[in-house]
DNA sequence: GTCCCTTTGTGAACCGGTGCACAAAGCGGG
DNA sequence: CCCGCTTTGTGCACCGGTTCACAAAGGGAC
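Chains as they are written, first to last, in my numbering: chain E, 2 to 236; chain Y, 2 to 236.
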């Protein structure tokens, strides 16, 4: 899933830590809304669903922002994590592929709130080009390069069919984009220096199925299934 | 061939391996379509975007299904991985929350194809209850327990608003479901034995933003940003 | 059967991440 | 100012997972 995502060196934040910071940030925002001034590592850890030692170690990578005997200042910590994640600036995001999923993403308010702004919706289907979705005009994929440059798009979300994903990825990379969130069920080949994150619904379900099957097996006493190739199989 | 069966397969396939099996399966299906009979670990690894040593070790956890000097039989390996993942049986999935995302998931053909069948769509909003989506009637959330039992639902996809997710999770767990795929941006508290997988769009974007920022910093010569709390901040 | 070539399966070193346990640090009370 | 309580920050042991490198195994040629 994570490719070439840095050897976090300069400031050296471990990848696993980076992946949890958004979780802490969300928990902290909830606390700020409830007007809590400070929070202990224990309480924040519970809210974020991790253990407190891990949380303290994670935060220690950002700096020493806690007060022993007291805890962390909620607002201050929100600011520090936001800054570290780069959410104090505004990121222009383009969504390519305005099918069901693309539409859902465009309308999903959750990420627009924090630092991200959907700057463009693009699609190849003339049927949907021109539609107005979430306050934006759907533009034709031919405009891809122009739109990326003119609007300073730095993150692209791929919600295209699998067959189109690699082609679009090549184009956005050529246009200078180095961060891609891919929803298409394909392994994208990308050059060094381009960060890809992948969200794959079908893989998640398959992992669940594996564990579900295992649980079921355990219940039925773990009867050994046939190991051999069945006589007649046609796939 | 059956000699090693016990040791590797018997107990515990590493979690990291399980997470990659669907990737291999997808690559193999592509090869089967192109009528390839056998494939080497090297070729399959490239297609799946991993290195070949890892792929061989992963497959070795299922058993010894390759032939030295030749490679793996494509169809046979598809069958073995499918069986291991539990895709040879049919899983009934319920989607709770038929907003934009729920609709997108319902219409997403990708996972229906392989072992998964959407058995129900549920929502609390009387406005959408009764709608017909992807060939299914949207039912009222009050029917949750009945539907789960009657249709043998074993996997639930949560696509509800964040505020409703925990409540729905509690109910489906009480109804006997132990596998949940959660799209709501909340940390769910669940009892031991329940498997939760989480997909969080906003977290993925934030991780990308972190790396994007880092890349930008590096280009501009890594100018040190102010570390201090700005004078006037109101969030 | 023997030799050579290819490719698997795996022992072992290595690496990043986790969790424990505790010393250091801050705060409030007397 | 000192004491005792709380909570952070971290050294260290541990663990799962990755990667390397190679012996073992199979196939084909002759």
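Ideal placement from N, C-alpha and C gives every residue a C-beta, glycine not left out. Because the structure is a prediction, the values reported are computed rather than measured.
C-beta contact flag for residue i and residue j at 7 angstroms
{"i": "residue 86/Y", "j": "residue 210/E", "result": "yes"}
{"i": "residue 78/Y", "j": "residue 66/Y", "result": "yes"}
{"i": "residue 101/Y", "j": "residue 105/E", "result": "yes"}
{"i": "residue 182/Y", "j": "residue 198/Y", "result": "yes"}
{"i": "residue 107/Y", "j": "residue 153/Y", "result": "no"}
{"i": "residue 200/E", "j": "residue 174/E", "result": "no"}
{"i": "residue 39/Y", "j": "residue 71/Y", "result": "yes"}
Coil, strand or helix - residue i by DSSP
{"i": "residue 212/E", "result": "helix"}
{"i": "residue 63/Y", "result": "coil"}
{"i": "residue 41/Y", "result": "coil"}
{"i": "residue 89/Y", "result": "coil"}
{"i": "residue 201/Y", "result": "coil"}
{"i": "residue 27/Y", "result": "helix"}
{"i": "residue 96/E", "result": "strand"}
{"i": "residue 35/Y", "result": "coil"}
{"i": "residue 174/E", "result": "helix"}
{"i": "residue 139/E", "result": "strand"}
{"i": "residue 79/Y", "result": "helix"}
{"i": "residue 69/Y", "result": "coil"}
{"i": "residue 218/Y", "result": "helix"}
{"i": "residue 17/Y", "result": "helix"}
Alpha-carbon to alpha-carbon, residue j and residue i
{"i": "residue 117/Y", "j": "residue 95/Y", "result": "10 angstroms"}
{"i": "residue 124/Y", "j": "residue 99/Y", "result": "6 angstroms"}
{"i": "residue 148/Y", "j": "residue 190/Y", "result": "23 angstroms"}
{"i": "residue 257/Y", "j": "residue 204/E", "result": "The question about residue 257/Y has no answer, for chain Y in this structure spans 2 to 236."}
{"i": "residue 50/Y", "j": "residue 188/E", "result": "6 angstroms"}
{"i": "residue 44/E", "j": "residue 68/E", "result": "15 angstroms"}
{"i": "residue 160/E", "j": "residue 75/E", "result": "36 angstroms"}
{"i": "residue 131/E", "j": "residue 166/E", "result": "22 angstroms"}
{"i": "residue 135/Y", "j": "residue 122/Y", "result": "10 angstroms"}
{"i": "residue 25/E", "j": "residue 127/E", "result": "42 angstroms"}
{"i": "residue 158/E", "j": "residue 34/Y", "result": "28 angstroms"}
{"i": "residue 63/Y", "j": "residue 212/E", "result": "15 angstroms"}
{"i": "residue 266/E", "j": "residue 145/Y", "result": "Outside the displayed span of chain E (2 to 236) sits residue 266/E, for which this structure offers no information."}
{"i": "residue 41/E", "j": "residue 89/E", "result": "24 angstroms"}
{"i": "residue 15/Y", "j": "residue 184/Y", "result": "25 angstroms"}
{"i": "residue 215/E", "j": "residue 219/Y", "result": "47 angstroms"}
{"i": "residue 180/Y", "j": "residue 83/Y", "result": "18 angstroms"}
{"i": "residue 17/Y", "j": "residue 103/Y", "result": "28 angstroms"}
{"i": "residue 141/E", "j": "residue 172/E", "result": "14 angstroms"}
{"i": "residue 207/E", "j": "residue 27/Y", "result": "11 angstroms"}
{"i": "residue 115/Y", "j": "residue 61/Y", "result": "24 angstroms"}
{"i": "residue 59/E", "j": "residue 217/E", "result": "37 angstroms"}
{"i": "residue 139/Y", "j": "residue 155/Y", "result": "18 angstroms"}
Extent of the continuous beta strand (DSSP E) to which residue i belongs
{"i": "residue 122/E", "result": "117-124"}
{"i": "residue 156/E", "result": "154-159"}
Residue range of the unbroken alpha helix (DSSP H) whose run includes residue i
{"i": "residue 182/E", "result": "It is not in any alpha helix (DSSP H) - residue 182/E instead sits in the beta strand (DSSP E) that spans 180-183."}
{"i": "residue 103/E", "result": "101-108"}
{"i": "residue 147/Y", "result": "145-151"}
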